[in-house]
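See structure below.
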Amino acid sequence: MNVGIISTRYAKAFYQFAADRSDETRLNEEMKTLSRQFAAMPELNKVLENPIVSSEEKVKLLTAAIGETISETCRNIFRVIIENGRASYMQHIALVYDQVYRKEKNIVLVKLTTVAPATEEEKKSMVKLISDGKTTHVDFAAKTDTDIIGGFILEVEDLRLDASVRNQLNTMKLELTNGNFRKESN
Numbered sequence: 386m387n388v389g390i391i392s393t394r395y396a397k398a399f400y401q402f403a404a405d406r407s408d409e410t411r412l413n414e415e416m417k418t419l420s421r422q423f424a425a426m427p428e429l430n431k432v433l434e435n436p437i438v439s440s441e442e443k444v445k446l447l448t449a450a451i452g453e454t455i456s457e458t459c460r461n462i463f464r465v466i467i468e469n470g471r472a473s474y475m476q477h478i479a480l481v482y483d484q485v486y487r488k489e490k491n492i493v494l495v496k497l498t499t500v501a502p503a504t505e506e507e508k509k510s511m512v513k514l515i516s517d518g519k520t521t522h523v524d525f526a527a528k529t530d531t532d533i534i535g536g537f538i539l540e541v542e543d544l545r546l547d548a549s550v551r552n553q554l555n556t557m558k559l560e561l562t563n564g565n566f567r568k569e570s571n
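Converting from the sequence shown to my numbering requires adding 385 to each position, the first position being numbered 1.
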């Protein structure tokens, strides 16, 4: 079966399980922490996939990755995943859980990249522009990158608008290379 399908099914079920206990927000923070741990320690996945490591040890490992303040909801989820032989999917489930959470809570991720730092007024107007009345929250992140030369790159969820000078120069270079550049007549 497809990793994406399995991860999505588990993430949705875990969201519902946590929501029934009013623990979905805490679980989302724990899943984000776990995702960061997987990124920082690639060997974590290898241990979870190792059939020699006991189920109990795998649960302890995942619990330790989050920390001492782990919720009972999260601990139960780890047990279910391990008992169902899906430990190797844990990283994907943690990532997908955040997507499910944001969708259920109507949270939109927005990233703005500019050469100079965006002002608070620019950020507020961007959030207002993106918020569509149904969206309860816009999770906005702004960063600077001098490599884009000028303009901006706006990412809303999985959509990307690249209005940077770097992108325009690369497009022109590609057109020149392919001979698709039109001569302008006066």
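Just so it is clear, CB atoms sit at the ideal spot from N, CA and C, and this is done for glycine as well.
Are the Cβ atoms of residue i and residue j separated by less than 9 Å?
| i | j | result |
| --- | --- | --- |
| Pro502 | Ala526 | no |
| Thr498 | Leu544 | no |
| Ile391 | Arg487 | no |
| Val485 | Gly535 | no |
| Val481 | Ala425 | no |
| His477 | Val388 | yes |
| Arg411 | Ala404 | no |
| Ala479 | Ser407 | no |
| Glu415 | Ile455 | yes |
| Val432 | Phe463 | no |
Just to confirm the assignment, what range does the beta strand (DSSP E) spanning residue i have?
| i | result |
| --- | --- |
| Val523 | 522-529 |
Pick from the options: whose alpha carbon is nearest that of residue i?
| i | options | result |
| --- | --- | --- |
| Gln422 | Ile437, Thr448, Ser440, Phe402 | Thr448 |
| Ile466 | Ala424, Ser549, Ser440 | Ser440 |
| Gln401 | Lys490, Thr418, Arg464 | Lys490 |
| Asn531 | Leu546, His522, Val550 | Before going further, note that residue 531 is Thr rather than Asn in the sequence given. Among Leu546, His522, Val550, the Cα nearest to that of Thr531 belongs to Val550. |
| Leu515 | Glu505, Lys496, Thr504, Ile533 | For the record, residue 515 in the displayed sequence is Ile; it is not Leu. Measuring from the Cα of Ile515, the nearest candidate turns out to be Lys496. |
| Thr591 | Glu507, Asp524, Tyr474, Ile437 | Residue 591 falls outside the range modelled here, since the chain spans only 386 to 571, and no answer is possible. |
| Asp524 | Asn461, Phe537, Asp483, Lys558 | Asp483 |
| Ala398 | Val432, Asn461, Lys431 | Asn461 |
Would you mind reading off the limits of the alpha helix (DSSP H) that contains residue i?
| i | result |
| --- | --- |
| Val388 | 388-405 |
| Lys513 | 505-515 |
| Lys558 | 550-563 |
Per DSSP, residue i is paired with what?
| i | result |
| --- | --- |
| Leu497 | Ala527, Leu539 |
| Leu544 | Val541 |
| Ile492 | His522 |
Is the CB of residue i under 9 Å away from at least one CB in chain B?
| i | result |
| --- | --- |
| Ser510 | The structure shown contains no chain B; it holds only a single protein chain. |
- Message: Which complete alpha helix (DSSP H) runs does the region 421-484 hold, if anything under 4 residues is left out?
- Response: 428-434, 440-451, 457-468
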